[in-house]
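At position 365 of the sequence shown (counting the first as 1) the number is 365 in the working numbering, and the numbers step up by one without a gap. Glycine included, each C-beta is placed from N, C-alpha and C at the ideal position. All values derive from a computational prediction rather than experimental measurement.
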Amino acid sequence: MFSFDHDLHLHLYGCIPAKMLWQIASAKKNIDWHFFETEFEKQFAIRPNMNELVQEPSEKNFIRFCELYTVGEPVTFAQFQAKFNLIIAIMELSNLSEVTDVVQQVCHTHFQQGLQHAEYRMLFPPWIEESLMSQLLHTICEQLHSFEQKTNHRFQGRLSCGLPRTDHGTIHYELLRHAMSTFPVVAQMITSVDFCFIEEGFPPKNQRSLFQRILNDNQKKPQQALAILYHVGESFEDKSLESAIRWVHESAEIGAHRLGHAIALGSPPQHYLGKTYSESVEERLDQIAYDLSHKDGLQAAGVQIHAEMLLTEQRQLQEKKRAEKTQKTYDSFQLDQILLRQNYVMQYLRDHNVCIESCPTSNLCIGRIESIEHPLHRFIEANLPVVIASDDPGIFDTTLQQEAEWVAQHITGSEDTLHALAQNAKKFRSEIISGRCA
Ligand SMILES: [Zn+2]
């Protein structure tokens, strides 16, 4: 079996194995479980009694804890988040020695598994104090650096600073750049920024000016360039598949270097036959504007674009409230057209060398798709730049090697495919695609 040694899509805290989280929780006395229990109950209709569970560290309770924490079956994004909240409840960001232990243990686990390079993402809460965020960036980077020294550079861990999709994104970006100019180790170990967490309600168009600013800063200081990583097309319950595909395209157009998941781009459209979706007037208006501006390219890809009809629909929608929702059901013709739209955007990603990070287990669970419908099939058929990664291996109870084994079992042309995927992970490292190592 081919050996995979670069994982480019990992969330640092999502790497914490159940056992480690359980031990940390059991050693603490005053964990506030209220938020976790309440959100868990909202999503799963069961209210766990965490105090009772953690106070008696029996095997039975540990098994129950694992059930609450890990994801082994299809879940919605909100249900996934409800499980991730367990990490948020137990871990204290202000406890720097705890953060130190997490980095050391996670790196150690990955090094033992045979990884040579891992890019860890960390999103800080929007309300975090400036000084704490700066301390955390410094601590994590110092720990990554010291672990690399310990392994004599055989393991490189790099950090991707998460930026909130809200207005706080700019504030956190400024804090990040400040930390990079204050601490050389931060400038060295942080090689990218990442946008994750809930997508719905945060269209890529809102990030245009921040992306431009990052790209301009990269040009000014290439030795501190940051790749832009963007989770998109992973969860799209508030819009049509056409719109979700457009979001993938727009993220790449405005400058993202790597796209997380992009399930909407590679899911077989016929899976959605007969399903009902709703989207806002604003979303539909954005889609019409996109169809009109991409008319030639879409038509060349075989998509039928009737400009007159779109303009009439646009005029009618402009009379309505932007937030108003419309409901529709997918039919076969629409889904055939969607397939062509996917091809059109895939062509764009191929031409512009924009890489997709595909996380098999995570997509099967959060994307709620069958193995046969996994977007990776289409991405590989279309010869896209794609890497495989493990996302939150602690929560999904997986390893990069297990993800590769899934590919070997389910994707045709496996030996060559696996070789290409392993090579891509080396080629699309953040410091390369940002231009830092040009
Ligand atoms: Zn992710």
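Residue nearest to residue i in terms of C-alpha spacing, selected from the options
i	options	result
F80	Q402, E431, N363	N363
I411	D397, T398, S371	S371
H271	S278, F40, L335, E253	L335
W406	F84, V386, A382, C359	C359
Q314	R284, D296, G297	R284
R258	K239, N61, D296, C196	C196
V106	D32, L21, L137	L21
P204	S26, I254, Y173, Q219	I254
S390	T361, P74, S3, Q212	T361
R463	W33, F379, D331	In the structure as shown, the chain starts at 1 and stops at 438, and residue 463 therefore has no counterpart that could be examined.
S94	V75, F62, H138, S58	H138
N51	K28, K42, F44, E73	K28
E381	Q342, T398, L400	Q342
P17	I87, I369, V75	I87
P74	R165, F396, Y120	F396
L175	P126, Y330, K60, Y277	P126
First through last residue of the alpha helix (DSSP H) which encompasses residue i
i	result
Q287	281–293
F84	77–90
Y272	Segment: none, Y272 is in no alpha helix (DSSP H) and carries neither H nor E.
P96	Here residue 96 turns out to be Leu, not Pro, going by the sequence shown. From DSSP, the alpha helix (DSSP H) with L96 extends over 96–112.
W406	400–410
F36	34–44
N206	Element bounds for N206: n/a, residue is neither H nor E.
S58	That residue, S58, is in no alpha helix (DSSP H); it is neither H nor E in DSSP.
Beta-carbon contacts of residue i that lie in its chain and below 6 Å, excluding the five residues immediately before and after
i	result
D392	H11, G14
H6	H117, A425, K426
E431	T191, C437
Y290	R246
Range covered by the beta strand (DSSP E) that runs through residue i
i	result
S160	156–162
E153	Looking at the sequence shown, residue 153 is not Glu but His. From DSSP, H153 is part of no beta strand (DSSP E); its letter is neither H nor E.
S192	190–195
Pairwise C-alpha distance: residue j and residue i
i	j	result
I24	Q149	27 Å
E415	D167	45 Å
H306	L292	9 Å
L273	G367	17 Å
E142	L159	11 Å
I198	K328	23 Å
L123	S134	13 Å
I128	Q316	44 Å
N85	V303	42 Å
M309	I288	10 Å
T70	R64	10 Å
F36	A89	6 Å
A244	N30	42 Å
H294	Q207	20 Å
A422	K275	36 Å
L311	D286	12 Å
G201	Y230	15 Å
G72	C66	10 Å
T109	L400	12 Å
L298	F333	16 Å
N152	F111	12 Å
D238	F147	42 Å
P184	L215	21 Å
Residues that DSSP places opposite residue i in a beta bridge
i	result
E119	R158
R258	L229, C355
V387	E357
H11	R121
Q327	S278
H460	Coverage of the chain is limited to positions 1 through 438, which leaves residue 460 absent and any answer about it impossible.
H6	H117
Own chain, CB closer than 7 Å to residue i, minus 5 neighbours either side, in chain order
i	result
N353	P385
I140	V99, V103, M122, L159
P48	E37, F40, L68
R154	Q116
A227	T191, S192, H257, R258, S430, I433, S434
H264	Position check: residue 264 holds Ala in this sequence, whereas His was assumed. Hits under 7 Å: G233, F236, L241, A244, I245, V248.
P268	E373
Own chain, CB closer than 8 Å to residue i, minus 5 neighbours either side, in chain order
i	result
K320	V281
M180	V186, A187, I190, Q224
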